[in-house]
Amino acid sequence: STMAARTGRDNQRYNAVNQRLVAGCICHRPATKDGVEVLMLNSKKGARVDGRDLIFPKGGWELDETASEAAARESMEEGGVAGTLSASEKTYEFVSRSRVKAGCAGDEAKCVAHVFTMEVKCEYETWPEEGERTRYWLSPDEAWRRCKHDWMRQALADHLADGFALEKKL
Numbered sequence: 024s025t026m027a028a029r030t031g032r033d034n035q036r037y038n039a040v041n042q043r044l045v046a047g048c049i050c051h052r053p054a055t056k057d058g059v060e061v062l063m064l065n066s067k068k069g070a071r072v073d074g075r076d077l078i079f080p081k082g083g084w085e086l087d088e089t090a091s092e093a094a095a096r097e098s099m100e101e102g103g104v105a106g107t108l109s110a111s112e113k114t115y116e117f118v119s120r121s122r123v124k125a126g127c128a129g130d131e132a133k134c135v136a137h138v139f140t141m142e143v144k145c146e147y148e149t150w151p152e153e154g155e156r157t158r159y160w161l162s163p164d165e166a167w168r169r170c171k172h173d174w175m176r177q178a179l180a181d182h183l184a185d186g187f188a189l190e191k192k193l
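Heads up, my numbering is the position in the sequence shown plus 23, with the first residue counted as 1.
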């Protein structure tokens, strides 16, 4: 069966104050001794003026799926990875440029992101958005440095502080 990216916003979730709900994932894999690398992708909208250019997989949380299913789907569509998701997520509010352009103001201009972590078990050679996305496996420090959005930086810091919700090795 072929994988295709979902498109369009007809099936999108919004909360009671009309904020668009999105789901995303900080995907990670083991790196050398005791280390970890996180997956980042190029932003289709390009870099900021200061050169920060990379993002974590995220996208609309749709009506027919849970937040974790949406996060896993976006990780597959945008980054071509699958794995084990954290049981719980952290939430972040951010102002959406596209919502502002659409005429939204105040709370309605914001999105709420539900961010999970994923221990990557499988990296696919082909995936729906491979033509427009490049995978970057980076140290957490490098990921922080290149992370385009402040709210994504906060998510990275929060999940790092939690050890990516992994069971601590004794």
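Note that CB positions come from ideal geometry on N, CA and C, so glycine has one too.
Note that the structure is predicted; figures quoted are calculated from it, not measured.
Since residue i contacts residue j with CB under 8 Å, what's their CB separation in whole angstroms?
i           : j           : result
residue 169 : residue 76  : 6 Å
residue 135 : residue 42  : 5 Å
residue 52  : residue 44  : Not a contact, Cβ separation roughly 27 Å.
residue 62  : residue 118 : Contact doesn't hold; Cβ gap of about 25 Å is too wide.
residue 47  : residue 85  : Between residue 85 and residue 47 the Cβ distance is about 14 Å, and since that is not below 8 Å, they are no contact.
residue 102 : residue 161 : Going by Cβ atoms, the distance from residue 102 to residue 161 rounds to 13 Å, so no, they are not a contact pair.
How is the beta strand (DSSP E) around residue i delimited, first residue to last?
i           : result
residue 115 : 113 to 118
residue 40  : Premise fails: residue 40 is in no beta strand (DSSP E) and is neither H nor E.
residue 65  : 58 to 65
I'd like to know whether the C-beta atoms of residue i and residue j end up nearer to each other than 8 Å.
i           : j           : result
residue 78  : residue 91  : no
residue 89  : residue 142 : no
residue 181 : residue 113 : yes
residue 49  : residue 128 : no
residue 157 : residue 109 : no
Can you give the Cα-Cα distance for residue i and residue j, rounded to whole angstroms?
i           : j           : result
residue 100 : residue 150 : 6 Å
residue 73  : residue 116 : 22 Å
residue 185 : residue 126 : 37 Å
residue 145 : residue 69  : 27 Å
residue 165 : residue 38  : 34 Å
residue 131 : residue 121 : 11 Å
residue 82  : residue 183 : 22 Å
residue 191 : residue 152 : Bear in mind that the predicted position of residue 191 carries a pLDDT of just 41, short of 50, making it unreliable; the figure below should be weighed with that in mind. Those two C-alpha atoms are separated by around 34 Å.
residue 163 : residue 173 : 15 Å
residue 24  : residue 95  : Note that residue 24 scores a pLDDT of 45, beneath 50, so its modelled location is shaky; the value from the coordinates is reported in the next line. If you take the alpha carbons of residue 24 and residue 95, they lie about 18 Å apart.
residue 159 : residue 80  : 12 Å
residue 34  : residue 87  : 8 Å
residue 54  : residue 60  : 6 Å
residue 187 : residue 123 : 32 Å
residue 148 : residue 154 : 12 Å
residue 93  : residue 56  : 32 Å
Using a threshold of 7 Å, is the CB atom of residue i nearer than that to any non-hydrogen atom of the ligand COA?
i          : result
residue 75 : The ligand COA is not among the ligands present in this structure, which contains no ligands whatsoever.
- [ ] Please list the segments of the alpha helix (DSSP H) lying wholly inside the segment 68 to 111, counting only runs of 4 or more residues, in order along the chain.
- [x] 90 to 102
TODO: Run through the segment 124 to 178 for me and flag every whole beta strand (DSSP E) of 3 or more residues, listed as ranges in chain order.
DONE: 133 to 146, 158 to 161
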